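Under the numbering used here, the residues of the sequence shown are numbered 411 to 1505, in order.
Inspection log for the structure reproduced underneath, given as structure tokens.
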Amino acid sequence: MSVNTPSSSVPTGASRFQVHVVNESRGSGAAMSDSTDPPHYEETSFGDEAQNRLRISFRPGNQESYDNFIQNGDAAKTDTTFHAYDSHTNTYYLQTFGHNTMDAVPKIEYYRNTGSVSGPKVNRPSLLEIHEQLAKNVAVAPGSADRVANGDGMPGDEQAENKEEDTAGVVKFGWVKGVLVRCMLNIWGVMLFIRLSWIVGEAGIGLGVIIIGLSVVVTTLTGISMSAICTNGVVRGGGAYYLISRSLGPEFGGSIGLIFAFANAVAVAMYVVGFAETVVDLLKESDSMMVDPTNDIRIIGSITVVILLGISVAGMEWEAKAQVILLVILLIAIANFFIGTVIPSNNEKKSRGFFNYQASIFAENFGPSFTKGEGFFSVFAIFFPAATGILAGANISGDLEDPQDAIPRGTMLAIFITTVAYIGVAICVAACVVRDATGSINDTIVSGMNCNGSAACELGYDFSRCQHEPCQYGLMNNFQVMSMVSGFGPLITAGIFSATLSSALASLVSAPKVFQALCKDNIFKGLQFFAKGYGKNNEPLRGYLLTFVIAMAFILIAELNVIAPIISNFFLASYALINFSCFHASYAKSPGWRPAYGIYNMWVSLFGAILCCAVMFVINWWAAVITYVIELSLYIYVTYKKPDVNWGSSTQALSYVSALDNALELTTVEDHVKNFRPQCIVLTGGPMARPALLDITHAFTKNSGLCICCEVFVGPRKLCVKEMNSGMAKKQAWLIKNKIKAFYAAVAADYFRDGVRSLLQASGLGRMKPNTLVIGYKKNWRKAPLSEIENYVGILHDAFDFEIGVVIVRISQGFDISPVLQVQDELEKLEQERLALEAAIKDNESEEGKGGIRGLFKKAGKLNITKPAPKKEGNINTIQSMHVGEFNQKLVEASAQFKKKQGKGTIDVWWLFDDGGLTLLIPYILTLRKKWKDCKLRIYVGGKINRIEEEKISMASLLSKFRIKFADIHIIGDINIKPNKESWKVFEEMIEPYRLHESHKDLTTAEKLKRESPWKITDAELEAVKEKSYRQVRLNELLQEHSRAANLIVLSLPVARKGSISDLLYMAWLEILTKNLPPVLLVRGNHKNVLTFYS
411 MSVNTPSSSV
421 PTGASRFQVH
431 VVNESRGSGA
441 AMSDSTDPPH
451 YEETSFGDEA
461 QNRLRISFRP
471 GNQESYDNFI
481 QNGDAAKTDT
491 TFHAYDSHTN
501 TYYLQTFGHN
511 TMDAVPKIEY
521 YRNTGSVSGP
531 KVNRPSLLEI
541 HEQLAKNVAV
551 APGSADRVAN
561 GDGMPGDEQA
571 ENKEEDTAGV
581 VKFGWVKGVL
591 VRCMLNIWGV
601 MLFIRLSWIV
611 GEAGIGLGVI
621 IIGLSVVVTT
631 LTGISMSAIC
641 TNGVVRGGGA
651 YYLISRSLGP
661 EFGGSIGLIF
671 AFANAVAVAM
681 YVVGFAETVV
691 DLLKESDSMM
701 VDPTNDIRII
711 GSITVVILLG
721 ISVAGMEWEA
731 KAQVILLVIL
741 LIAIANFFIG
751 TVIPSNNEKK
761 SRGFFNYQAS
771 IFAENFGPSF
781 TKGEGFFSVF
791 AIFFPAATGI
801 LAGANISGDL
811 EDPQDAIPRG
821 TMLAIFITTV
831 AYIGVAICVA
841 ACVVRDATGS
851 INDTIVSGMN
861 CNGSAACELG
871 YDFSRCQHEP
881 CQYGLMNNFQ
891 VMSMVSGFGP
901 LITAGIFSAT
911 LSSALASLVS
921 APKVFQALCK
931 DNIFKGLQFF
941 AKGYGKNNEP
951 LRGYLLTFVI
961 AMAFILIAEL
971 NVIAPIISNF
981 FLASYALINF
991 SCFHASYAKS
1001 PGWRPAYGIY
1011 NMWVSLFGAI
1021 LCCAVMFVIN
1031 WWAAVITYVI
1041 ELSLYIYVTY
1051 KKPDVNWGSS
1061 TQALSYVSAL
1071 DNALELTTVE
1081 DHVKNFRPQC
1091 IVLTGGPMAR
1101 PALLDITHAF
1111 TKNSGLCICC
1121 EVFVGPRKLC
1131 VKEMNSGMAK
1141 KQAWLIKNKI
1151 KAFYAAVAAD
1161 YFRDGVRSLL
1171 QASGLGRMKP
1181 NTLVIGYKKN
1191 WRKAPLSEIE
1201 NYVGILHDAF
1211 DFEIGVVIVR
1221 ISQGFDISPV
1231 LQVQDELEKL
1241 EQERLALEAA
1251 IKDNESEEGK
1261 GGIRGLFKKA
1271 GKLNITKPAP
1281 KKEGNINTIQ
1291 SMHVGEFNQK
1301 LVEASAQFKK
1311 KQGKGTIDVW
1321 WLFDDGGLTL
1331 LIPYILTLRK
1341 KWKDCKLRIY
1351 VGGKINRIEE
1361 EKISMASLLS
1371 KFRIKFADIH
1381 IIGDINIKPN
1391 KESWKVFEEM
1401 IEPYRLHESH
1411 KDLTTAEKLK
1421 RESPWKITDA
1431 ELEAVKEKSY
1441 RQVRLNELLQ
1451 EHSRAANLIV
1461 LSLPVARKGS
1471 ISDLLYMAWL
1481 EILTKNLPPV
1491 LLVRGNHKNV
1501 LTFYS
């Protein structure tokens, strides 16, 4: 049977799983007596996480064995020794779907981030651990039953427990005290008591309700969007900044976070000044002024800010208590107003326009009566700041118990309650008080007087002179209407104090919290100082002081009437981005966008964002412009700095969707010669190993074509795959760091050629597939094993088989600088050891010890352990000259030759064979680059000696039709003549070690030699292609004659016919062709047009 464990043995920690523990003891009498029971299996429950507990199954008689069973929602432990595969002794183990297995059941700990405050992160068994054969000598530590059965350990259990103890004193708020109370206090501002009566007097009840409704539409849409974002994952501290930055990325989040924190800091000054002005008005009435109105406001404001700062610094718990007290006062003040509307009015109040509820007054005040200079939008602009404040709860998201639940529930309920209060107060005050009143009890209607038809006239008062001269009372003229209407006027004053102080306190807490979250993310490097927190609640004391300084500055010196519209626009900009974040995340269709709050729509969120932007211009157009300029400037700054963060933003998701859509759309477009671009696979190995090869390829693919740096790992598959996977991210990051627009791809294969063949066939996506193979010249071919030469030439054959063009690049020093990189790594290790040695010297307080270590250090100094030269991005370091003996310094210099700007010179194009135009297109693209723009194209083509001028004109005409600029054209008419004897002798000496010389042997011996060395060059082969061999040697002579001083030579690559030309002879051709020359590109296209002169 199955029963719940006693509460004493099972903690209240939540778990998604109910795990049955099975006893497999065969010797227990209790177990035997229960042998008729059906078999027990593991059960899992995916119900409410907060209600699930560990459910333990046991057989009768074994319950005591489970009393020591402890669970914390993660794993179960026993006090006895346990062996991983013991299923026959008297032990208990967890069963995963009926088997002892390393596989783990789903648990929340696997999905936490490292350092999560909500609990420890646990690593599930890797695929390698599950997939590979299990070692036979697995040692299982005592008490590790859960680790074996559930496939995980809890290597951080003790630390996790300590962490929980450390966070025991942290104050966390629920949705009422943390969100609802704060939002209500922030939304109910001074506007409720001082300006609402004027607004309804100007706009009338009908338009007044519309103004309130339009404001609420903006805040409600923002609240819905914010609720969707909040419920799409765990919410940390930072409020609006956190929501926007994690959704749209650091660029938007950083820009809005900074101005939002600043706006909250200045808002403290605004609310405090509002409080101080009310106090000064009371002092005026009692004739108790201290200095003058302005300085009194400064004095009272400064004292108030200091007190509020003290409450905030005392801790969030004290601040929350103060907020509750202020809310109670505010609610009493609002109730006092409603009570006052039903208390019969006296003559004094009637003379001031208050007549209790009257249908005639309601009817008269229903329509608008705008005074000069006022209109719907101007009145709306005055009211709208009263509806803001919905982010007060979200701003302290880090101090909430469950932000995902608290923020949506508290915010939306606060919007509803405050909206009802605003509409109720507006309708009630407009139904009780006339627009204009004189305040004179003598302005009554006497018999015989003509009534002007107003509601006041019908009620016995004549306020007609207000049409000709200003009056001091009524909705339009008296800002203290609510005090007059209320049952007890001082309570309204207390409500004003409560509204201003609560808003100031909320802003004083919000600004440092948001600013701290921004600084922790280190988006703005100079602000890291303010990221530090203190105490159990990680209070941003430095942020509090900064907010205090800003607030004091604006209280003392700023003109708040100017800055107030900008602050309102800062808040609105935050609302707009929250709405846009929700829209953007939905539009990006990321599978990670799964908000639990389902009452939202992407298009409604977009409408909310547009509405917020429109309201910004309605409130104040120049403030809106300033807001956009500041936000755009910060956005550009953050984008330029490129902070090293990855939050999985919707911007990234949309980039992927856009790229995918564009790639799919591209597949529907047929290839056209006008849109051809070299798309290259570059066999660099690791991209940092052959930088020169990558640089020259990048020069003609940057911003125009695909470039994939490819590496083939040859060897045992298991080791190769492990090495390959571990370096993928690092090598792609190297490309990004060095601003090389290329991808990195790698394959593991048994043979190098097989790996390249796989890359040639499978690389790319849709139309973005490689069409050109770029490979470095194999400089050491004469010393290399025969298999390497066979692979090298075989790769060229494979490329031609797949109809892929080939570019072979040769430079004098070669490309591979792996030895240099290895030396650098060794030097860095030595430098680290030296620094560690220095640190040990400093830390050693013993004089004797110091002397011994110093002596050792001096010996180390004699070994020339010196600090390597500092690294520079994009360049291979020039190692200090003292290490020249350890590597080839010229190789390092040669590896950077294509990074430098090429001076005035030429790119000589030897377009000997028509391959479709790739031999001409690549050098043309090079001349468009900044580093090569000073180089002119010289074109060399073969021709007949007796038709040199005609062929020159013909080639010039063709190039002009191709719109390719050139400096000169040379027609070479003597290509096919024999080379001189010295050059031919060099070639013969080159191939001599690889010749078979079978013609000098008898037939039997010759056949035997062919069987034993099929790779050697036969006399028959050499004779058959003697003319081609002459041509390669002769071309080198011509290249020496004409292009020895060129910056770069681009030359048609000779093609070796399969089965006819041996690999060694072909390599000899390439060697003699490019020997003793500047950098050479041997190019052969796939013989499909890549140039056209048609429009």
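All C-beta atoms in this analysis are idealised placements derived from N, C-alpha and C, irrespective of residue type, glycine included.
All of these numbers come straight from a predicted model, not from anything done at the bench.
Bridge-paired residues (DSSP) for residue i
i	result
F1153	I1118
T854	Y871
D1378	R1348
Y883	A847
E949	Y944
W1320	Y1350, L1461
V1124	A1159
C1090	C1117, T1182
F764	V843
V1490	R1220, I1459
With 16 other Cβ atoms within 10 Å as the buried cut-off, status of residue i
i	result
M962	buried
Q1232	exposed
D706	buried
R1513	The chain is shown from 411 up to 1505; residue 1513 falls before or after that span and cannot be answered.
E1359	exposed
L1480	buried
L1512	This structure gives no information on residue 1512, because the portion of the chain shown stretches from 411 to 1505.
M700	exposed
D477	Caution applies to D477, whose pLDDT of 44 falls short of 50 and renders its modelled position unreliable; the value that the coordinates give is listed next. Exposed is the call here.
T1037	buried
E1433	exposed
Own chain, CB closer than 6 Å to residue i, minus 5 neighbours either side, in chain order
i	result
I604	F889
S761	G849, S850, I851
G584	E811
V1083	N1499, T1502
Contact with chain B by residue i, beta-carbon distance below 9 Å
i	result
W1320	Annotation note: the requested chain B is absent from the structure, which comprises a single protein chain.
Contacting residues, own chain, Cβ-Cβ under 7 Å from residue i (five flanking each side not counted)
i	result
A986	A1019, C1022, C1023
V1490	R1220, I1459, L1461, T1484
F1503	K1371, F1372
D567	Note that D567 scores 38 on pLDDT, short of 50, meaning its location in the model is unreliable; the coordinates nonetheless yield the value given after this. Correct list: empty, nothing qualifies.
S788	none
G1127	It is worth fixing the name first, because residue 1127 is Arg in this sequence and not Gly. Only A1158 meet the Cβ criterion.
E784	E612
V1067	A998, K999
F1110	P1088, I1332, I1335, L1336
For residue j and residue i, believed in contact at Cβ under 8 Å, the rounded distance
i	j	result
G777	N947	The pair is not a contact, with the Cβ atoms about 53 Å apart (cut-off 8 Å).
D1226	R1339	Contact doesn't hold; Cβ gap of about 25 Å is too wide.
T821	A804	7 Å
F764	C842	6 Å
Worksheet entry | Validate contact between the stretch 1088–1106 and the stretch 1181–1199 using beta carbons, cut 8 Å, 3 pairs | yes
Discussion item. Counting beta carbon pairs with one atom in the stretch 911–921 and one in the stretch 744–751, are three or more of them shorter than 8 Å?
Written reply: no
Worksheet item: Is it a yes or a no for the stretch 793–808 touching the stretch 922–929, going by three-plus beta-carbon pairs under 8 Å?
Response: yes
Practice prompt. Tell me, please, whether the stretch 613–625 touches the stretch 1000–1013 by the rule of three or more beta-carbon pairs shorter than 8 Å.
Written response: no
Worksheet item: Should the stretch 1123–1143 be called in touch with the stretch 1338–1355, which here means at least 3 C-beta pairs below 8 Å?
Response: no
Item to complete: Check whether the stretch 1416–1423 touches the stretch 1314–1334, taking contact to mean three or more Cβ pairs, one atom from each stretch, closer than 8 Å.
Response: no
Worksheet item: Is there contact between the stretch 892–906 and the stretch 875–882, where contact requires at least three CB pairs shorter than 8 Å?
Response: no
Discussion item. With three or more C-beta pairs closer than 8 Å as the rule, is the stretch 628–643 touching the stretch 812–821?
Written reply: yes
Worksheet entry | Meets three-Cβ-pair contact criterion under 8 Å: the stretch 1372–1387 and the stretch 1442–1457 | yes
Practice prompt. Say whether the stretch 679–687 touches the stretch 827–841, bearing in mind that this needs 3 or more beta-carbon pairs closer than 8 Å, one atom from each stretch.
Written response: no
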